[in-house]
Amino acid sequence: MAKQNSRPYGDGTGSSINIISEGTVIKGDIVANGDIRIDGELTGNLSAKGRLVVGPKGKIEGKITCNNVEVSGFIKGKVTASELLNMKSTSKIEGDIITGKLSVEPGSTFTGTCAMRGTHPINETAEEK
Numbered sequence: 008m009a010k011q012n013s014r015p016y017g018d019g020t021g022s023s024i025n026i027i028s029e030g031t032v033i034k035g036d037i038v039a040n041g042d043i044r045i046d047g048e049l050t051g052n053l054s055a056k057g058r059l060v061v062g063p064k065g066k067i068e069g070k071i072t073c074n075n076v077e078v079s080g081f082i083k084g085k086v087t088a089s090e091l092l093n094m095k096s097t098s099k100i101e102g103d104i105i106t107g108k109l110s111v112e113p114g115s116t117f118t119g120t121c122a123m124r125g126t127h128p129i130n131e132t133a134e135e136k
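Residue numbers (my numbering): 8 to 136.
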């Protein structure tokens, strides 16, 4: 069950933060209205209206669509962050990135293409044309 707390990755609105703990493996799609943190493994697509944090041991294989994404772990798939994608030094992304702003720490790795569109909302249907 999601728990409300004052973690640093919360949006300050009191919305719930969903946590997928280390050792948890999920196969399927996730849709979240708030923030989500992945320390386990997800094979499937993830869509969140808030912020996604992928912990150092977190692993996602699938399409990601969020407002803000902070990666310390591994992502394989297309990442769409309408505002900010923050790649920590331990992060590894294999796939295409579409974001408003990109922050990359030394040590992180990325294989794919990157398109920066500013911080306006991203229209997915226009992007696929």
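We put the CB at the ideal spot given by N, CA and C, even for glycine.
Exposed or buried, G114, counting other C-beta atoms within 10 Å across all chains shown (16 or more means buried)? exposed
Straight-line CA distance for N75 to M94? 11 Å
Tell me whether N40 sits in a helix, a strand or coil according to DSSP, three-state version. coil
Buried versus exposed call for G119 [16 or more other C-beta atoms within 10 Å across all chains shown]: Counting other Cβ atoms within 10 Å of its Cβ, G119 stays below 16 and is therefore classed as exposed.
6 Å Cβ shell around L53 - same chain, five flanking residues per side excluded: I37, I71
Counting only the same chain and skipping the five closest in sequence on each side, list residues whose C-beta sits under 6 Å from that of V111. M94
Nearest to G32 by CA position, among K64, M123, T97, is which residue? Residue 32 is actually Val in this sequence, not Gly. The residue with the shortest Cα to Cα distance from V32 is K64.
If you draw a straight line from the C-alpha of I45 to the C-alpha of G62, how long is it? 6 Å
Let me know the secondary structure DSSP gives E112 once reduced to three states. coil
So K56 and F81 are supposed to be a Cβ contact under 8 Å. How far apart are they, rounded? About 23 Å; that fails the 8 Å criterion.
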